[in-house]
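Those sequence lines, one after another, are chains A and B.
Quick note on numbering: the working numbering labels position 217 of the first sequence as 217, and the sequence is numbered without any gaps.
If you want the working numbering, it's the 1-based position in the second sequence plus 1000.
Notes follow the structure.
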Amino acid sequence: MGKLFAVVVTIIALVSAYPIVAHKYAQPEDISTHGHAIDEQLSDTMAEAGFAFLGAQLLLGFFVWKFSNRKPGSKVAHLPGGAKLMVATAFILVGTEVLALGVLGQKAWASVYFTPPKPDALQIQAQAGQFAFYFRYPGADGKFGALHPDKIDEGNGNYFGLDPANDIESRDDIVTGELAIPVNREIELLMHAKDVNHSFYVRELRIQQDFVPGLDLSIHFTATKIGKYEIVCTQLCGLGHYNMKAYLSVLSQEDFDKWMKQKASEQ
Amino acid sequence: MEQASAQPAHVHAPPQTFLRKHVFSLDHKVIGKQYYGLALVAVFTGMVLSWLMRFHLVWPAVKIPGLEFLAKGGAPGGVITPEYYLSLLTMHGTLMVFFVLTNAPFAGFGNYFLPIQIGAEDMAFPRFNMMSFWVTFVAFLVLLLAFFIPDGPPISGWTAYAPLSAIGNDAGPGLGWGQNLWAMSIAIFCIGQLLGSLNFIATTLDLRARGMSLMRMPICTWAWFVTACIGLLAFAVLLPACLLLLLDKLAGTSFFVPAGLVVSDRLQPHAGGSPLLWQHLFWFFGHPEVYIAILPAIGIVSHVLITSMRKPMLSAKVLIYSMMSIGFLSWMVWGHHMFVSGMNPFSSLLFSFPTLTITIPATIITLIWLGSLYGANLRINSASLFALGFVSMFVSGGVSGFFLAQPSIDIYLHATYFVVGHFHMVMGVAAIFGIFSGTYFWFPKMSGRMMNETLGKLHFWITFIGTYCIFMPFHYLGMAGNVRRYSSFVDDFMAPLMPLHKFISIAAFITGGAQLIFLYNLIHSRFRGAPATENPWEGTSLEWSMSSPPPWDNFGGRHPVVYHDPYQYGVKGSKGDYVMQDSAEQPATSS
Chain A
1 MGKLFAVVVT IIALVSAYPI VAHKYAQPED ISTHGHAIDE QLSDTMAEAG FAFLGAQLLL
61 GFFVWKFSNR KPGSKVAHLP GGAKLMVATA FILVGTEVLA LGVLGQKAWA SVYFTPPKPD
121 ALQIQAQAGQ FAFYFRYPGA DGKFGALHPD KIDEGNGNYF GLDPANDIES RDDIVTGELA
181 IPVNREIELL MHAKDVNHSF YVRELRIQQD FVPGLDLSIH FTATKIGKYE IVCTQLCGLG
241 HYNMKAYLSV LSQEDFDKWM KQKASEQ
Chain B
1001 MEQASAQPAH VHAPPQTFLR KHVFSLDHKV IGKQYYGLAL VAVFTGMVLS WLMRFHLVWP
1061 AVKIPGLEFL AKGGAPGGVI TPEYYLSLLT MHGTLMVFFV LTNAPFAGFG NYFLPIQIGA
1121 EDMAFPRFNM MSFWVTFVAF LVLLLAFFIP DGPPISGWTA YAPLSAIGND AGPGLGWGQN
1181 LWAMSIAIFC IGQLLGSLNF IATTLDLRAR GMSLMRMPIC TWAWFVTACI GLLAFAVLLP
1241 ACLLLLLDKL AGTSFFVPAG LVVSDRLQPH AGGSPLLWQH LFWFFGHPEV YIAILPAIGI
1301 VSHVLITSMR KPMLSAKVLI YSMMSIGFLS WMVWGHHMFV SGMNPFSSLL FSFPTLTITI
1361 PATIITLIWL GSLYGANLRI NSASLFALGF VSMFVSGGVS GFFLAQPSID IYLHATYFVV
1421 GHFHMVMGVA AIFGIFSGTY FWFPKMSGRM MNETLGKLHF WITFIGTYCI FMPFHYLGMA
1481 GNVRRYSSFV DDFMAPLMPL HKFISIAAFI TGGAQLIFLY NLIHSRFRGA PATENPWEGT
1541 SLEWSMSSPP PWDNFGGRHP VVYHDPYQYG VKGSKGDYVM QDSAEQPATS S
């Protein structure tokens, strides 16, 4: 039965590797300027992890094939090199891999988090609440009005808790349920949670960031391809979590300006 | 290494009444079996919950007959609601992580075999030991109670992220008393584990028989000892975290809830708290918990493999030091669960490096197993098959850790099925394979009867292939961006992934069903199995030097003296090919 185990482990290893090698379930097309760094890091890691996975599984199968249910009285032997060889292999092989991945990975991470947005980045505020995203553009004055949680009134469309009666800056703010952005322009997304934790995940943008109540964060990105993409919530936020989504429309500058004008007139 | 000189004394009188023998027993062996039994009830409950989830995911509109009676609010007309799906998910995770993966490999087998393997008559504190089990049992009942209250079980996941978990029913069903019961249950569970961990540590340090130096302890004893050290620190953090959560819920404090939250159109009466504080406290426990589940399994599997290979590991010392390094590093990595949580992005790098570094001791352990197989005289039986299956699973689940340890890749893979696949394989399935391996291996000692090998092997093949069919595709789904914790996939994006989901569900039903073979084997063999000899696997450690099952005081009044390292196989001049640890016939060996 040891030989059967060897065969099954080998088949499992090869079948498991197949969809990866064949790119059957690869990540969707990247539409961001930073995404290629993440994708490269992912495929480098896949190569190294795949090597470790196949190597270990095939070796396991091979040894079990060779050394199981031997004739009674068969002498046991010991691996030349012994434990020292194993420890050295682990340190050299995995140690270098780990160090390389760790150091290289920093670059991809840094491109998202350690570089500040350009001064001319378009600021948009995103608010997540059970179970919808809302987006706010600062309007002609370029300034966001202050938020007043006690003034939130979803029935009357005041999702953010603005106070236009007393606050001039909020009067021209544009609030929408869809995130429209111009292509090839850097966006700085100011993230605000209304109630509990949520997350902003756009697969094609290679962006995922939690909304944290009480802690306003910002992320920045540049989309490079016109199209419509899904924004989904990935932080468990309650019974409607599975249905919490919005759309990201990446538009040409021209279309974006038109869209903006139309939304401004609807407010 | 210094040797314990004190002889263990008779720690308690032989039990007389039924209650003392089987219910409120002070005997570590009975308590070990009680923990195992509790884990068995929990694992089947948890598995049924996962079946319901898998069914709902792929046939969301199909009625599940009878469910409307079991869960009136959660499944009107037999169809699971989105919120009940989240309840199932929360209870599945909580049951499996706490009541199965902590209870069986550590508290269950550890209780039974740690004292025996070091030559003690019982644990250092038998009354504490009894209390730790019954406290855990109460925790289990309190958790299950959530199913039967009008509010229903919580929907915040086993991680119970605040503020969702901290603001009550405004945030959704199950978050009032359902969540309170959850927090109470986990707090009580922590008390049980703290008592148990203290007991394990004291027993290992104080009650070793003459000659049982630390380095003469079997590898699994070491694993339980290291696990106890981790548990003592980890549960000591989770306990106050749960108490703070309860205070937020019941006493109006704001540890985890900041000001200005509007939930269900109500401005919440809280100010000053931090949601990230909960995440830090939870994962400070949560990551070491992974090792609390997997280290005992590593120990058990090493023990089983050595006995089956008829040769020692390349180096038991290296294995033990690697387990210690994992235990040590486990305290520096919790932030890798929080790369995209809003934590300072600089700290992500600090958490990433130790996480990647854990790969080194984990690889050393794997290579020691593989290298030791070379030249072995491997006996294939149910126990060794599950041990080999464990090695395979440990590798498969381990390599996906490479990805998730890197913050940049985590941006894409966080909260996808890739993560679900990763932790199910390395923490769930691997640890369960360790439990199965231990069960087939030690059942003869625990019950005095052998398990049926044919059924055991059948159980192995279906489970081994089945779990790969379930959990390997999870990684592909994650690569494609499939988000976890969704009760149904309304996103256009996920529709093309449904065939793979169907495949997983069917594999889950078959693999789960195969566990009934195990249950039948366990119960049938307990009463009808062939009688077991003292040492059916020709092992060397002390548990094989006594009758099966052992007498109430383990060594029948004898004080074992240990002369040898735990794994003396292939020794020239020995009867058979092995020397028992307490055999005085051969010249003593020392480390």
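Backbone N, C-alpha and C define an ideal beta-carbon position, used for all residues, glycine too.
Contacts of residue i in chain C (Cβ-Cβ under 7 Å)
i, result
"Phe-221 (chain A)", "Of the protein chains in the structure, A and B, none is chain C."
CA nearest to the CA of residue i, picked from the options
i, options, result
"Phe-1403 (chain B)", "B:Val-1419, B:Met-1215, B:Phe-1189, B:Ser-1302", "B:Val-1419"
"Asn-156 (chain A)", "B:Tyr-1567, B:Gly-1176, B:Asp-1265, B:Leu-1095", "B:Asp-1265"
"Tyr-1112 (chain B)", "B:Leu-1052, B:Leu-1305, B:Gln-1034", "B:Gln-1034"
"Ser-1087 (chain B)", "B:Gly-1176, B:Ala-1139, B:Met-1130", "B:Gly-1176"
"Gly-945 (chain B)", "B:Leu-1205, B:Thr-1081, B:Gly-1481, B:Phe-1527", "Chain B is shown only over 1001 to 1591; residue 945 (chain B) falls outside these bounds and no answer can be derived."
"Pro-1444 (chain B)", "B:His-1501, B:His-1524, B:Thr-1511", "B:His-1524"
"Ile-12 (chain A)", "B:Thr-1227, B:Val-1030, B:Met-1393", "B:Met-1393"
"Pro-182 (chain A)", "A:Ile-20, A:Ala-108, A:Thr-222, A:Leu-189", "A:Thr-222"
"Asp-1582 (chain B)", "B:Met-1450, B:Phe-1555, B:Ser-1384", "B:Phe-1555"
"Met-1494 (chain B)", "A:Cys-237, A:Gly-105, A:Val-212, A:Tyr-229", "A:Tyr-229"
"Ser-32 (chain A)", "A:Lys-258, A:His-241, A:Asp-257, A:Ile-226", "A:Ile-226"
"Tyr-1468 (chain B)", "B:Ser-1165, B:Glu-1453, B:Ala-1507", "B:Ala-1507"
"Gly-1037 (chain B)", "B:Leu-1246, B:His-1287, B:Ala-1107", "B:Ala-1107"
Residue(s) in a DSSP beta bridge with residue i
i, result
"Gly-299 (chain A)", "Residue 299 (chain A) lies beyond the stretch modelled for chain A, which goes from 1 to 267, so this question has no answer here."
"Phe-221 (chain A)", "A:Ile-187"
"Thr-176 (chain A)", "A:Phe-135"
"Tyr-1578 (chain B)", "B:Tyr-1569"
"Phe-211 (chain A)", "A:His-198"
"Val-1043 (chain B)", "Note: Val-1043 (chain B) sits in no beta bridge, so no partner."
"Leu-1378 (chain B)", "A:Ser-68"
"Pro-1531 (chain B)", "B:Arg-1449"
"Ile-181 (chain A)", "A:Val-250"
"His-1564 (chain B)", "According to DSSP, which records beta bridges pairwise, His-1564 (chain B) is partnered with nothing at all."
Beta-carbon neighbours of residue i, restricted to chain B and to distances below 8 Å
i, result
"Asp-255 (chain A)", "Within chain B, no residue comes near Asp-255 (chain A); the closest Cβ sits about 22 Å away, beyond 8 Å."
"Arg-269 (chain A)", "Residue 269 (chain A) lies beyond the stretch modelled for chain A, which goes from 1 to 267, so this question has no answer here."
Amino acids of chain B, ordered along the chain, whose beta-carbon sits closer than 7 Å to that of residue i
i, result
"Arg-206 (chain A)", "Ile-1411, Tyr-1412"
"Ala-108 (chain A)", "Ser-1408"
"Asp-210 (chain A)", "Val-1340, Ser-1341, Gly-1342"
"Ala-83 (chain A)", "Leu-1314, Ser-1315, Val-1318, Ile-1368"
"Lys-263 (chain A)", "The contacting residues do not exist; Lys-263 (chain A) stays about 24 Å from chain B at best."
"Pro-279 (chain A)", "Not covered by the structure: residue 279 (chain A). The range shown for chain A is 1 to 267."
"Leu-217 (chain A)", "Gly-1342"
"Asn-197 (chain A)", "Tyr-1161, Leu-1164, Pro-1275"
Cross-chain neighbours of residue i in chain B, by beta carbon under 9 Å
i, result
"Phe-67 (chain A)", "Met-1309, Leu-1373, Tyr-1374, Gly-1375, Ala-1376, Asn-1377, Leu-1378"
"Ser-252 (chain A)", "Simply none; closest approach about 23 Å."
Nonlocal neighbours in the same chain, by C-beta distance under 6 Å from residue i, ignoring five residues either side
i, result
"Gly-2 (chain A)", "Val-64, Ser-68, Asn-69"
"His-1424 (chain B)", "Phe-1471"
"Glu-1002 (chain B)", "Annotation note: pLDDT 42 at Glu-1002 (chain B) (below 50); position unreliable, no value reported."
"Ile-219 (chain A)", "Leu-189, Gln-209"
"Ala-1383 (chain B)", "Val-1304, Ser-1437, Tyr-1440, Phe-1441"
"Glu-254 (chain A)", "none"
"Ala-1004 (chain B)", "In this predicted model, Ala-1004 (chain B) has a pLDDT of only 46, less than 50, meaning its place in the structure is not dependable enough to derive any value."
"Ile-1064 (chain B)", "Gly-1078"
"Ala-1006 (chain B)", "Only weak support exists for where Ala-1006 (chain B) lies, its pLDDT of 48 falling under 50; the coordinates are left without a value."
"Thr-1589 (chain B)", "His-1564, Asp-1565"
Interface residues of chain A facing residue i [CB-CB closer than 8 Å]
i, result
"Tyr-1476 (chain B)", "Pro-19, Ile-20, Lys-24, Tyr-25"
Close Cβ partners of residue i (< 7 Å) along its chain, the five nearest in sequence each way excluded
i, result
"Phe-1390 (chain B)", "Ala-1297, Val-1301, Ala-1430, Phe-1433, Gly-1434, Ser-1437"
"Met-1324 (chain B)", "Val-1226"
"Val-7 (chain A)", "none"
"Gly-1046 (chain B)", "His-1092, Leu-1095, Met-1096, Val-1100"
"Val-9 (chain A)", "Gln-57, Leu-60, Gly-61"
Proximal residues of chain A, C-beta to C-beta of residue i below 9 Å
i, result
"Lys-1457 (chain B)", "Met-1"
"Asp-1151 (chain B)", "Those within 9 Å of Asp-1151 (chain B) in chain A number zero; the least Cβ separation is about 13 Å."
Where residue i meets chain A, residues with beta-carbon distance less than 7 Å
i, result
"Met-1332 (chain B)", "Result: empty, since nearest Cβ-Cβ is about 14 Å, beyond 7 Å."
"Arg-1485 (chain B)", "Leu-236, His-241"
Cut-off 8 Å between Cβ atoms - residues of its own chain near residue i, not counting five sequence neighbours on either side
i, result
"Leu-1314 (chain B)", "Ile-1368, Gly-1371, Ser-1372"
Taking only runs that begin and end inside the stretch 8-73 of chain A, name each unbroken alpha helix (DSSP H) of 4 or more residues, in chain order. DSSP runs (the alpha helix (DSSP H)) wholly in the stretch 8-73 of chain A: 35-67.
Entirely enclosed alpha helix (DSSP H) segments - the stretch 1047-1086 of chain B, minimum 4 residues: 1067-1070, all fully within the stretch 1047-1086 of chain B.
Could you give the uninterrupted runs of the alpha helix (DSSP H) lying entirely in the stretch 1421-1501 of chain B, keeping only those of 4 residues or more? Within the stretch 1421-1501 of chain B, the complete alpha helix (DSSP H) runs of at least 4 residues are 1430-1447, 1453-1479.
Alpha helix (DSSP H) segments (min. 4 residues) lying fully within the stretch 1271-1344 of chain B: As summarised for the stretch 1271-1344 of chain B, the continuous alpha helix (DSSP H) elements at least 4 residues long and confined to that stretch are 1275-1309, 1316-1329, given in chain order.
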